[in-house]
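Asks: Residue numbers (my numbering), protein chains in the order written: chain A, 1 to 317; chain B, 318 to 516; chain C, 517 to 718.
1. I'd like to know whether the C-beta of residue 673 (chain C) is nearer than 8 Å to at least one C-beta of chain B.
2. For residue 706 (chain C), does the count of other Cβ atoms within 10 angstroms reach 16, so buried, or fall short, so exposed?
3. Determine which residues of the stretch 527-551 of chain C have a Cβ less than 8 Å from any Cβ of chain A, and write them out in chain order.
4. Can you tell me which of the three DSSP states residue 442 (chain B) falls into?
5. For residue 332 (chain B), which three-state DSSP category applies?
6. Contact defined as beta carbons within less than 8 Å: I believe residue 374 (chain B) pairs with residue 426 (chain B). What is the distance between those atoms, to the nearest angstrom?
7. Determine, using beta-carbon pairs with one atom in the stretch 655-664 of chain C and one in the stretch 565-578 of chain C, whether at least three such pairs fall under 8 Å.
8. So, with DSSP's three-state summary, where would you put residue 684 (chain C)?
9. Is it the case that the stretch 103-120 of chain A contacts the stretch 56-67 of chain A, given that we only count it when at least three CB pairs across the two stretches are under 8 Å?
10. Rounded to whole angstroms, what's the CA-CA distance from residue 356 (chain B) to residue 468 (chain B)? Just pull it up for me.
11. Sort C:614, C:679, C:637, C:576 by Cα distance to residue 556 (chain C) and report the nearest one.
12. Between which two residues does the alpha helix (DSSP H) containing residue 426 (chain B) stretch?
13. Give a yes or no on whether 8 Å exceeds the smallest Cβ distance from residue 3 (chain A) to chain C.
14. Quick one: Cα of residue 658 (chain C) to Cα of residue 529 (chain C), how far?
15. With 16 as the cutoff for other CB atoms within 10 Å, does residue 327 (chain B) come out buried or exposed?
16. Along the stretch 686-701 of chain C, what residues have a CB closer than 7 Å to any CB found in chain B?
17. Which value, in whole angstroms, describes the spacing of the CA atoms of residue 339 (chain B) and residue 498 (chain B)?
18. Looking at the unbroken alpha helix (DSSP H) that takes in residue 422 (chain B), where does it start and where does it end?
19. Within 10 angstroms of the Cβ of residue 647 (chain C), are there 16 or more other Cβ atoms? Answer buried if so, exposed if not.
20. Taking only beta-carbon positions, decide if residue 420 (chain B) is within less than 8 Å of chain C.
21. So, for residue 454 (chain B): in the same chain, excluding its five sequence neighbours on each side, which residues have a beta-carbon less than 7 Å away from its beta-carbon?
22. With 16 other CB atoms within 10 Å as the buried threshold, where does residue 164 (chain A) fall?
23. Cutting at 6 Å between CB atoms, please list the residues of its own chain near residue 52 (chain A), excluding the five before and the five after it.
24. Using 8 Å as the limit for Cβ to Cβ distance, is residue 706 (chain C) near chain A?
25. I'd like to know if residue 33 (chain A) contacts chain B, where contact means its C-beta is closer than 8 Å to some C-beta of that chain.
26. Quick check: residue 709 (chain C) and residue 420 (chain B), are their CB atoms within less than 8 Å of each other?
27. For residue 588 (chain C), collect the residues of the same chain with a Cβ closer than 6 Å to its Cβ; drop the 5 residues on either side in sequence, then sort them by chain order.
28. Among A:260, A:268, A:223, A:161, which has the Cα closest to the Cα of residue 300 (chain A)?
29. Between residue 359 (chain B) and chain A, is the shortest Cβ-Cβ distance under 8 Å, so that the two count as touching?
30. Leaving out five residues on either side along the sequence, give the residues of the same chain with a beta carbon under 6 Å from the beta carbon of residue 698 (chain C).
31. Just confirm the distance between the C-beta atoms of residue 154 (chain A) and residue 146 (chain A), as a whole number of angstroms; I'd bet it's less than 8 Å.
32. Return yes when the Cβ of residue 94 (chain A) is within less than 8 Å of the Cβ of residue 45 (chain A), no when it is not.
33. Measuring only the C-alpha atoms, how far is residue 597 (chain C) from residue 514 (chain B)?
34. Is the separation between the beta-carbon of residue 696 (chain C) and that of residue 547 (chain C) shorter than 8 Å?
35. Might you give, ordered along the chain, the residues of its own chain that have their beta carbon closer than 7 Å to the beta carbon of residue 318 (chain A), omitting 5 neighbours on each side?
36. Within 10 Å of its beta-carbon, does residue 506 (chain B) have 16 or more other beta-carbons around it, so buried, or fewer, so exposed?
As structure tokens, then:
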């Protein structure tokens, strides 16, 4: 077997300590949003979160054991994936959904590619779309916040706007409600306030940079404003940003190191692409939410983006 | 005795060692598109066996009189003729199946397996072995797509051949969609790779 | 020939009904040539070229030969022969005119001839733009458009895949998944993403 000279610049996340620190910090920054989700939707949501994280960790441990590799579950990446899978679920799904989802995320979207640092597609989003296409009924049934035991089902604001053409007052919501998370939606995506706070911490700690989230949100907002359903330049940008999963997606999913570009230029292109696709899918396709699909599609472009936007080699002109 | 053994070998290689789907990995287009149900796979399998056997037969028969330079177009005409026959027969007697198979019925013409066997075997071998080769490869292909279709239909709808089977789980609709097809084939290829290594 | 139909055809061929990720046409070259970006690019150009021109030629043959003579059931044979001959002819012309172009495209041309994607798009054109054996309004234009953008869709999927596979070669993919199986997993995840375009409507 000839020596493989790895002359590449991928983030070879070899340093276990720093990986550990990054993963668990992101995990911590996401916790407040999850607490809010549980507060709004009840203990079943908490159960889903636990099942999801547990399945992710166990799956990774078993696969690494079978592959006779070092078991790295303490680095937090499996736990983080599990958490994100749960955050993308409706709080009303049966318990086995996060099990299948986390298994798919770790086994197929991550370990089949070689494990941490080698996946092309965001594992949590791969799982979410897989689940959405497999069990659309479960994945698109949401509940009203504070429903208690006898959950009251409700469509999300995004769906109500797209399908039934309702506006905020018809839905009985205010922008503040949306910001705090008092609406039907996925467990970890509703509490915009807490998501943004977590994002600010990550930005402050330089774990993520603004390039992707900003370009994502700006391109999306501009298009939503100009080409809205109600006429040119009449888009309710605030509504579009505060509903669906775009805040969660832009700050916590699109910024995943492994599946996003390395260079600054690349990141911006990636962000713009995500924004563009999210807008197109939300506006024209059969699905109310486009964030997951758009990030997955842009993930596929990352190897090309990185290949043609190589960082400057030191010494070359 | 020896001749019969050889014929048997030509027949079985198409099913196991040189299975066109899982080992040589050919003829993928219908493999993924058709396998949404066992019924479709059955129909396609029979159609392909028919075309394979008869085109191998004819091509092998005329192999010594076809000029080398124009052999490919000649083979194509032969194969296309039998595909047209199958098309017409199916449209006449099994119109529902023909509709479900859609463009993949005429596309049997460009199924790499058939041209592959014509070029790779029939043109260099006698008629009888060519027939057995066609039968074996056709059967190997059919078994492969039946396997894939069985998995996809069962996981995706909880049914087999349109009849509900015992369901302990909620069917996962993604398996009758394109991503599920690709996933199924990818995982099966892994399985067969492993079996080949150990076998 | 209205804008809406034109746009729908483009979006349909490239995204919603992508020949590789959705219709599964052209998988053999897709898997065979996607290991590296450069040959993928060359193959893509050849495919766009062949698909567009085949759409033109087969439409004309269908309209002015098969239909009048009432032998539309011979479409499969005739189309494949037309495509094969025509591509052979083009290959000879390219070889004569430009060795450089031949080196880029030439070896892929015969590969594409017997490729489901080309025959597929020509048959698709007939199914889509002929009703009761009469061409619909703008049939020729739409058919050529469909052929061209089917090629573009093929190119998009092929380029993305080759970029990914080139990167995967530097990976430590488990040997069980190496090369083909992981390529299918990748295609499956790509396909998951593209499903977002389902139900597209203006």
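For every residue, glycine included, the Cβ atom is placed at its ideal position computed from N, Cα and C.
Replies: On the basis of the coordinates in this document:
1. no
2. buried
3. none
4. coil
5. Correct three-state label for residue 332 (chain B): coil.
6. Not really, about 17 Å apart at Cβ, beyond 8 Å.
7. yes
8. In this structure, DSSP gives residue 684 (chain C) a helical state, which the three-state scheme calls helix.
9. yes
10. 13 Å
11. Among C:614, C:679, C:637, C:576, the Cα nearest to that of residue 556 (chain C) belongs to C:679.
12. Residue 426 (chain B) -> no alpha helix (DSSP H), and no H or E assigned at all.
13. Legend: pLDDT at residue 3 (chain A) = 41, less than 50; position of this residue unreliable, no value from coordinates given.
14. Taking the straight line from one Cα to the other gives about 12 Å.
15. buried
16. Per Cβ criterion, the list reads 692, 693, 696, 697, 700, 701.
17. When only Cα atoms are considered, residue 339 (chain B) and residue 498 (chain B) end up about 14 Å apart.
18. Going by DSSP, residue 422 (chain B) is part of no alpha helix (DSSP H) at all; its letter is neither H nor E.
19. exposed
20. By this cut-off, residue 420 (chain B) is an interface position.
21. 331, 337, 369, 430, 434
22. exposed
23. 82, 85, 86, 98, 102
24. Residue 706 (chain C) counts as touching chain A.
25. no
26. One thing to note: residue 709 (chain C) has its Cβ no nearer than 8 Å to the Cβ of residue 420 (chain B).
27. 582
28. Out of A:260, A:268, A:223, A:161, A:260 has the C-alpha closest to the C-alpha of residue 300 (chain A).
29. no
30. 689
31. So it is not a contact: roughly 11 Å between Cβ atoms.
32. no
33. Cα-Cα distance, rounded: 41 Å.
34. yes
35. Since the first and last residues shown for chain A are 1 and 317, residue 318 (chain A) lies out of range.
36. Around the beta carbon of residue 506 (chain B), 16 or more other beta carbons lie within 10 angstroms, which makes this residue buried.
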